[in-house]
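Q: Here it is, the structure in full.
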Amino acid sequence: MTSYPRRAGKIPLLQLLYRRFPDIPKDELYARLLCGEVRVDGSTEKDPKALVKPAAELGFSRQRYVSRGGDKLESAFLGLGFPVTDKVFVDAGSSTGGFTHFLLLHGARSVHAVDVGYNQLDYSLRTDPRVIVHERTNILSLKSLDPRPDAAVGDLSFRSLRGVVDHVLSLTSEGWGVFLLKPQFELNAPYDDFNGIVSDDSLLQHTVEETLCALADDSVLTEKICRAGIKGRKGNQEYLVLLRSGSSFSLKEERRRIRDLIREEFSGF
Numbered sequence: 278m279t280s281y282p283r284r285a286g287k288i289p290l291l292q293l294l295y296r297r298f299p300d301i302p303k304d305e306l307y308a309r310l311l312c313g314e315v316r317v318d319g320s321t322e323k324d325p326k327a328l329v330k331p332a333a334e335l336g337f338s339r340q341r342y343v344s345r346g347g348d349k350l351e352s353a354f355l356g357l358g359f360p361v362t363d364k365v366f367v368d369a370g371s372s373t374g375g376f377t378h379f380l381l382l383h384g385a386r387s388v389h390a391v392d393v394g395y396n397q398l399d400y401s402l403r404t405d406p407r408v409i410v411h412e413r414t415n416i417l418s419l420k421s422l423d424p425r426p427d428a429a430v431g432d433l434s435f436r437s438l439r440g441v442v443d444h445v446l447s448l449t450s451e452g453w454g455v456f457l458l459k460p461q462f463e464l465n466a467p468y469d470d471f472n473g474i475v476s477d478d479s480l481l482q483h484t485v486e487e488t489l490c491a492l493a494d495d496s497v498l499t500e501k502i503c504r505a506g507i508k509g510r511k512g513n514q515e516y517l518v519l520l521r522s523g524s525s526f527s528l529k530e531e532r533r534r535i536r537d538l539i540r541e542e543f544s545g546f
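The numbering of the sequence shown is this note's numbering, which starts it at 278 and goes up by one.
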């Protein structure tokens, strides 16, 4: 195993790339790094030995998906580990189609792309026979989908996940899904000078925990949580959560388990 120098908790960029993107061949990662396609905390970096923080934000200047949503779901795929191959999904809040694009590239059989907007879905996805387009459609108005989805993904803007996730999961046969939790849309009572960015770590942690506990009240259980690999456009740290419909469970025990998950996730802050 290759040994790399370390300094002040930092590790070589190439090593971090290998760790973050194990699904990309190592020679491709190395080539993209040398070609200046790798961005670290928003800046281009070409030196494989450059020392970076383990929590550094990594990205590629050459877009792999039709939107940044694909990169976010990819980070969940790596961090949460959920099955995609040969499954049918419903994408709640599909927008341009980043989540849908990721699912198709990773072997999904088909995707129901649902959004209240119109003509937002990328043309390459709109014309893909594996994508069933549901435009001008509120996900809450759907009672069933054909073919029935096995599972769900969701990236909803300008509203909370509360009151939505339980309905989306009811449309699926396996009762699970991966959803993007955006703290800026989950705050119960934003403070007077709130600028759309949740920058306080304690408030961020409280908001995420409160949201997941509220979902438990809707019989939605939290299995795993991880930070999105890239932040929201305004700089908000977002989270991807693997959620599952529950029936017979102890609400008190679920809340305790959520607190433990949150404590572990935020321990590196």
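From the three backbone atoms N, C-alpha and C, an ideal C-beta is built for every residue, glycine too.
It should be emphasised that the depicted structure is a prediction, and the values quoted were computed from it without experimental measurement.
Suppose you measure from the CA of glutamate 487 to the CA of valine 445; what does that come to, to the nearest Å?
A: Residue mapping note: residue 487 aligns to position 210 of the sequence shown, counting from 1. Residue mapping note: residue 445 aligns to position 168 of the sequence shown, counting from 1. Roughly 20 Å between the two C-alpha positions.
Q: Taking the beta strand (DSSP E) that glycine 336 belongs to, which residues open and close that run?
A: As a working note, residue 336 is residue 59 in the sequence shown. Element bounds for glycine 336: 335-337.
Q: What distance in whole Å lies between the Cβ atoms of valine 317 and isoleucine 288, which are believed to be in contact at a cut-off of 8 Å?
A: Working through the sequence shown from its first residue, we reach residue 288 at position 11. Working through the sequence shown from its first residue, we reach residue 317 at position 40. With a Cβ gap of about 12 Å, isoleucine 288 and valine 317 do not count as contacting.
Q: In the DSSP assignment, find the unbroken alpha helix (DSSP H) run with lysine 303 in it and report its ends.
A: To locate residue 303, count along the sequence shown from 1; it is residue 26. Start and end: 303-311.
Q: List the whole-angstrom C-beta distance separating phenylalanine 462 from serine 434, where the pair is believed to meet the contact cut-off of C-beta under 8 Å.
A: Here residue 462 corresponds to residue number 185 of the sequence shown, with the count starting at 1. Here residue 434 corresponds to residue number 157 of the sequence shown, with the count starting at 1. Yes, they are in contact, since the Cβ atoms of phenylalanine 462 and serine 434 sit about 7 Å apart, within 8 Å.
Q: Pull up the DSSP beta-bridge partners for tyrosine 516, would you.
A: As a working note, residue 516 is residue 239 in the sequence shown. Per DSSP, Leu458, Arg504.
Q: Considering only DSSP beta bridges, list what threonine 321 is partnered with.
A: Locating residue 321 in the sequence shown gives position 44, where the first residue counts as 1. Bridge partners of threonine 321: Arg316.
Q: Where in the region 362-426 do unbroken runs of the beta strand (DSSP E), each at least 3 residues long, occur, reported from the N-terminal end onward?
A: 365-369, 387-391, 408-411, all fully within the region 362-426.
Q: Give the secondary structure of arginine 521 by DSSP, where H, G and I count as helix, E and B as strand, and everything else as coil.
A: On the sequence shown, position 244 is the one that residue 521 refers to. In this structure, arginine 521 counts as strand in the three-state DSSP scheme.
Q: For the alpha helix (DSSP H) containing valine 485, list its first residue and its last residue.
A: Here residue 485 is taken as the residue at index 208 of the sequence shown, counted from 1. Run containing valine 485: 478-494, per the alpha helix (DSSP H) assignment.
Q: Where lysine 420 and serine 387 are concerned, what is the direct C-alpha to C-alpha distance, given to the nearest angstrom?
A: As a working mapping, residue 420 is identified with position 143 in the sequence shown. As a working mapping, residue 387 is identified with position 110 in the sequence shown. Lysine 420 and serine 387: Cα-Cα distance of roughly 19 Å.
Q: Per DSSP, what kind of secondary structure is isoleucine 539 in: helix, strand or coil?
A: As a working note, residue 539 is residue 262 in the sequence shown. Note: isoleucine 539 maps to helix in three-state DSSP.
Q: For valine 343, report the span of its beta strand (DSSP E) as first-last.
A: Within the sequence shown, residue 343 is the residue found at index 66, counting from 1. Looking at the DSSP string, valine 343 is not in any beta strand (DSSP E), and its letter there is neither H nor E.
Q: Below 8 Å on the Cβ atoms is my guess for alanine 390 versus valine 410; work out the distance and round it to an integer in Å.
A: Taking the sequence shown and counting its residues from 1, one reaches residue 390 at position 113. Taking the sequence shown and counting its residues from 1, one reaches residue 410 at position 133. That belief holds up - the Cβ atoms of alanine 390 and valine 410 are roughly 5 Å apart, short of 8 Å.
Q: Can you look up serine 527 in the DSSP assignment and give me helix, strand or coil?
A: Here residue 527 refers to the residue found at position 250 when the sequence shown is read from its first residue. In this structure, serine 527 counts as coil in the three-state DSSP scheme.
Q: State buried or exposed for glutamate 302, treating a residue as buried only when at least 16 other CB atoms are found within 10 Å of its CB.
A: In the sequence shown, the residue the question calls residue 302 occupies position 25. Reading off the sequence shown, one finds proline at residue 302, where the question assumed glutamate. Looking at its Cβ environment, which holds fewer than 16 other Cβ atoms inside 10 Å, proline 302 is exposed.
Q: According to DSSP, glycine 431 sits in a beta bridge with which residue or residues?
A: In the sequence shown, residue 431 corresponds to position 154, counting from 1. Ala369, Phe456, per the DSSP bridge assignment.
Q: Let me know if tyrosine 342 comes out buried or exposed under the rule of 16 or more other beta-carbons within 10 Å of its beta-carbon.
A: Taking the sequence shown and counting its residues from 1, the one referred to as residue 342 is at position 65. Flag for tyrosine 342 reads buried.
Q: On the premise that glycine 452 lies in contact with alanine 369, defined as a C-beta separation below 8 Å, what is that separation, rounded to the nearest angstrom?
A: In the sequence shown, residue 369 corresponds to position 92, counting from 1. In the sequence shown, residue 452 corresponds to position 175, counting from 1. Not confirmed; about 15 Å, so no contact.
Q: Buried or exposed: which applies to aspartate 304, given that a residue is buried once 16 or more other Cβ atoms fall within 10 Å of its Cβ?
A: Residue numbering aside, residue 304 sits at position 27 when the sequence shown is read from its first letter. It counts as exposed.
Q: For the candidate residues Asp300, Leu311, Asp423, whose alpha-carbon lies nearest to that of phenylalanine 379?
A: Position 102 of the sequence shown, counting from 1, holds the residue named residue 379. Taking only the C-alpha atoms, the option nearest phenylalanine 379 is Asp300.
Q: Would you call the region 421-428 and the region 473-481 in contact, with 3 or more CB pairs under 8 Å?
A: Contact between the region 421-428 and the region 473-481 is absent, because fewer than three Cβ pairs lie under 8 Å.
Q: Can you give the Cα-Cα distance for serine 418 and proline 426, rounded to whole angstroms?
A: Looking up residue 418 in the sequence shown gives position 141. Looking up residue 426 in the sequence shown gives position 149. Between serine 418 and proline 426, the C-alpha separation is close to 16 Å.
Q: Suppose you measure from the CA of valine 315 to the CA of glutamate 530; what does that come to, to the nearest Å?
A: Locating residue 315 in the sequence shown gives position 38, where the first residue counts as 1. Locating residue 530 in the sequence shown gives position 253, where the first residue counts as 1. Cα to Cα, valine 315 sits roughly 43 Å from glutamate 530.
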